[in-house]
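To start, the structure under review is shown below, and the notes come after it.
Residue numbers (the working numbering): 1212 to 1371.
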């Protein structure tokens, strides 16, 4: 909880140290769920800083490290999605951005909430690339899954 207080006050370095200590304790105790939780909290903290466009390689490296370690613990859809969001934030139009988002959208095993959010970001990416063929495929996927947010975004973007 102390890390969350620091984070809410914009003290990201202090929050990071708290999450790292939590990770250390969980690892020492062999508590894999505590370890996973700490890794994901570190990744979310780093993503928050990256999305605020703070110019520091530290935070993007931290996100990559934390999500990679989380994926070593178990299959973790959120970790894959956070990697995709980092890539989207860095280079929205990059091929790697599309690859990571498509992995979340089209591979089975991901929770609906994560897939829906990834679909929304993927649609933004495809419009930025002006790739109508892939937009059509994604819109059909959104229709098949009754993804209203993505369909609403498609309406807005297609009318511009």
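Even glycine gets a Cβ: it sits at the ideal position worked out from N, Cα and C.
So that I know if they touch, is there some Cβ in chain D lying closer than 8 Å to that of residue 1302?
Of the protein chains in this structure there is only one, and it is not chain D.
Comparing C-alpha positions only, which one of 1297, 1306, 1369 sits nearest to residue 1265?
1297
Which word fits residue 1359, buried or exposed, when buried means at least 16 other C-beta atoms lie within 10 angstroms of its C-beta?
exposed
Own chain residues within Cβ distance below 6 Å of residue 1277, not counting five before or after
1250, 1253, 1254
Any idea if residue 1229 is buried or exposed, counting beta-carbon neighbours within 10 angstroms, 16 or more meaning buried?
buried
Does the Cβ of residue 1262 have 16 or more other Cβ atoms within 10 Å, making it buried, or fewer, making it exposed?
exposed
Measuring only the C-alpha atoms, how far is residue 1327 from residue 1248?
22 Å
On the three-state DSSP scale, how would you describe residue 1321?
coil
Three-state secondary structure assigned by DSSP to residue 1299
helix
Between residue 1257 and residue 1273, is the Cβ-Cβ spacing less than 8 Å?
yes
Under 8 Å, do residue 1372 and residue 1238 count as touching if we go by C-beta distance?
Past the boundaries of the shown model lies residue 1372; the chain is included only from 1212 to 1371, so the question cannot be answered.
Rounded to whole angstroms, what is the Cα-Cα separation between residue 1153 and residue 1221?
Outside the displayed range of the chain (1212 to 1371) lies residue 1153, so it cannot be described from this structure.
Are residue 1284 and residue 1243 closer than 8 Å when you measure CB to CB?
yes
Do you know how far the Cα of residue 1305 is from the Cα of residue 1347?
19 Å
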